[in-house]
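By full-length UniProt numbering, the letter at position 113 of the sequence shown is numbered 113, and the numbering carries on one by one without gaps.
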Amino acid sequence: MEVWGRRISNPISISAGFDKNAEAVEGLLGKGFGFVEIGSSDKVPHGGKVGPDILDVNLGKNKTSEDAAADYVEGVTNISSPDTPGLRKLQGKEQLKDFVEKVQAARDEMRWGEEGPPPLLVKIDPYLSKLDLEDIAAVALTLRLDGLIVTNSASEDPDYPVCEETGDLCGKPLYILSTNVLSYLCLLTRGKVPLYGCGGISKCL
Numbered sequence: 001m002e003v004w005g006r007r008i009s010n011p012i013s014i015s016a017g018f019d020k021n022a023e024a025v026e027g028l029l030g031k032g033f034g035f036v037e038i039g040s041s042d043k044v045p046h047g048g049k050v051g052p053d054i055l056d057v058n059l060g061k062n063k064t065s066e067d068a069a070a071d072y073v074e075g076v077t078n079i080s081s082p083d084t085p086g087l088r089k090l091q092g093k094e095q096l097k098d099f100v101e102k103v104q105a106a107r108d109e110m111r112w113g114e115e116g117p118p119p120l121l122v123k124i125d126p127y128l129s130k131l132d133l134e135d136i137a138a139v140a141l142t143l144r145l146d147g148l149i150v151t152n153s154a155s156e157d158p159d160y161p162v163c164e165e166t167g168d169l170c171g172k173p174l175y176i177l178s179t180n181v182l183s184y185l186c187l188l189t190r191g192k193v194p195l196y197g198c199g200g201i202s203k204c205l
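See the structure below:
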């Protein structure tokens, strides 16, 4: 199949977070994934969470950065990570519009090969209101965004007891929530913006 002007073997991919340092791209493609998303990758090194962590590049804003757009212009833009304080504020209508315009402009100024510039997708939060989603859809349509990734992980969930440990909630607990967000965005964008459903596959035959 063809998407974003590139041919892939199938629409099933592995999302960012599994191969943060792009160490297993070839092996993962050999397992049958249509494409592999690495990262998140940041422009400047910074400290991360303590403990073990278990091709498309997911770029993330540095926790210490004052200019968010400058971190992304150099793929997938992750503006909804629960790990970076204040990052999700970029999902507001005016902030998102300004952010995407800057990244698109910088991307278009760069020199690319025969395939042209890489597609620009934005990954969004699972806990957005309908009004927030309507704003995001409007920006995506107006600026002809290459796609939206629906959704990121969550930092909390009201259906689960509060734990002392910090971390992200992902996978099956977010399936219904992220699917509802995906369904509403599909209605809002009317098939004009590619939507990439993230999560939902918990087992295979």
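By construction, the Cβ of each residue, glycine as well, lies at the ideal position given by its N, Cα and C atoms.
Treat the numbers as computed from the prediction; the structure is a model and nothing was measured.
Item: Residue 143, DSSP secondary structure in three states; Value: coil
Item: Host alpha helix (DSSP H) of residue 174 (start-end); Value: It is not in any alpha helix (DSSP H) - residue 174 carries neither H nor E in the DSSP assignment.
Item: Cβ pair residue 13, residue 36 closer than 9 Å; Value: yes
Item: Distance, residue 33 Cα to residue 125 Cα; Value: 24 Å
Item: Rounded distance between the beta-carbons of residue 193 and residue 145, thought under 8 Å; Value: 6 Å
Item: Distance, residue 153 Cα to residue 170 Cα; Value: 5 Å
Item: Residue from 30, 19, 29 and 25 with nearest C-alpha to residue 40; Value: 19
Item: Straight-line gap, residue 71 to residue 106 (C-alpha atoms, nearest Å); Value: Note on residue 71: pLDDT 42, under 50, position unreliable in the model; the coordinate value appears next. Computed Cα separation, rounded: 11 Å.
Item: Residue 96: first and last residue of the uninterrupted beta strand (DSSP E) it sits in; Value: From DSSP, residue 96 is part of no beta strand (DSSP E) but of the alpha helix (DSSP H) over 93-109.
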